[in-house]
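Take a look at the structure set out below.
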Amino acid sequence: MTQFPGNRVLSQSERTFMDALLEHPAMQRASGYVLVEILHTYNPLMYKDYHQHQEELHDKEPHLRRNFPNSIWLLLTVNCGPQSVTNPHVDGCNRPDGWCPVLSLGPFNHWLGGQLVLPDLKLVIEFPPGCVIFLPSALFYTAGGLFRWVANGFQTQEAFLARATAAEKKRWWLNHATQWEHGLCFFPVIV
């Protein structure tokens, strides 16, 4: 198990592809100006929390590469065609109250494919190119472990608890037990 956050190791062909994708002006606009501004508009509390955590993390861990200079999400998943399928899954280690955008791009006929399938909700959503939806944990995301890394003083939970004083442990356990209540503020009601 990794004890420190790090950059993903890619093969040369993967690195070449990802560099071209991350440096593409359309991807930079989409990741930063479109997705970030949507989150900032509809959930300013979450935006502020993500932004603060990313700044603290990069101040302490400057070796971590930012995917996009203007994005608040630390990680990115890319599914490329001509046929892309993501198996139904739940990312249980990601931040449970976090919002993650799914952005549909590319030339495809959304009448013939490209649906967003949510089996637990028994939904199949037409998802044409250019659409975005925010879900708990998706393509652009920040792993819950990175939030815990910052909250635990830039160390693992185990290391923090091993070194913490009794008072620090008490505060940690209280915060841990009530974190779900704090997470509720990140699901605003839009009227």
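Residue numbers for the sequence shown follow our numbering, so the first one is 51 and each next one is one higher. Positions of the beta carbon are idealized from the N, C-alpha and C atoms, including for glycine.
Problem set entry | Residue(s) in a DSSP beta bridge with P94 | DSSP output for P94 lists no bridge partner at all.
For this session: Determine the burial state of H103: buried for a count of at least 16 other Cβ atoms within 10 Å of its Cβ, exposed for fewer.
Result: buried
Exercise. Where does L114 sit, in a helix, a strand or coil, going by DSSP?
Worked result: coil
Problem set entry | C-beta contact flag for N57 and L114 at 8 angstroms | yes
For this session: Measure the Cβ-Cβ separation of R145 and F197 and say whether it is below 8 angstroms.
Result: yes
For this session: Look up N144 in the DSSP assignment and give the residues it is bridged to.
Result: A193
Exercise. Short check: CB of F236 to CB of M96, under 8 angstroms?
Worked result: yes
Exercise. Around the Cβ of W149, are there at least 16 other Cβ atoms within 10 angstroms (buried) or fewer (exposed)?
Worked result: buried
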